[in-house]
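S.K.: Under the numbering used here, residues 9 to 139 are what the sequence shown spells out, in order.
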Amino acid sequence: MKYEVTKDLETGNTLIDSEHRQLFDAVNTLMDACSAGKGRMTIKSTAQFLGDYVIKHFRDEENLQKNSHYPGYAYHRQFHGGYTQTLNNICKEIETDGPTISALSKMNQHIGVLVSHIRSEDKKLAEFLKH
């Protein structure tokens with residue numbers, strides 16, 4: 009399954025949408041490599057990129073929230089912290105055990121959580137930033 013920033017996931021905020029696309033591209037690269045039997049060759053670099061980029065992306069979103077006095081900042085920040093920790097755990101599992109079906113399933117589920125977050129919380133943030 010390919011992840012894409014479709015119309016229902018676009019927030020209308022150029023920075024947020026661009027960063028979501030880069031995150032999805034990295035996940036797609038990892039999944040494609042695993043499907044082609046080359047997951048072990050790309051796991052470490054992709055997992056490192058994902059971990060680093062999620063931190064950058066969440067920091068960028070949180071800065072937008074702080075600067076605009078977004079009322080959902082505390083909840084959003086709490087979600088980001090938990091999401092980052094779980095992603096780091098999944099990436100470590102993939103690095104340690106390889107691209108197992110279990111680990112890749114966890115990654116897919118976790119990206120699903122991000123998609124839901126984008127669809128609800130990030131869209132609320134982008135709408136708030138328009139005003």
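For each residue, glycine too, the CB sits at the ideal point set by N, CA and C.
With 16 other CB atoms within 10 Å as the buried threshold, where does Gln73 fall?
M.R.: buried
S.K.: Evaluate contact between the segment 124–137 and the segment 35–55, counting only Cβ atoms and requiring at least three cross-stretch pairs below 8 Å.
M.R.: no
S.K.: Since Lys114 contacts Ile126 with CB under 8 Å, what's their CB separation in whole angstroms?
M.R.: Wrong, their Cβ atoms sit about 19 Å apart, outside the cutoff.
S.K.: Tell me whether Ala44 sits in a helix, a strand or coil according to DSSP, three-state version.
M.R.: coil
S.K.: Between the segment 81–94 and the segment 11–22, can you find at least three pairs of beta-carbon atoms closer than 8 Å?
M.R.: no
S.K.: Name the two residues that bound the continuous alpha helix (DSSP H) containing Glu103.
M.R.: Secondary structure note for Glu103: its alpha helix (DSSP H) is the uninterrupted segment 81–105.
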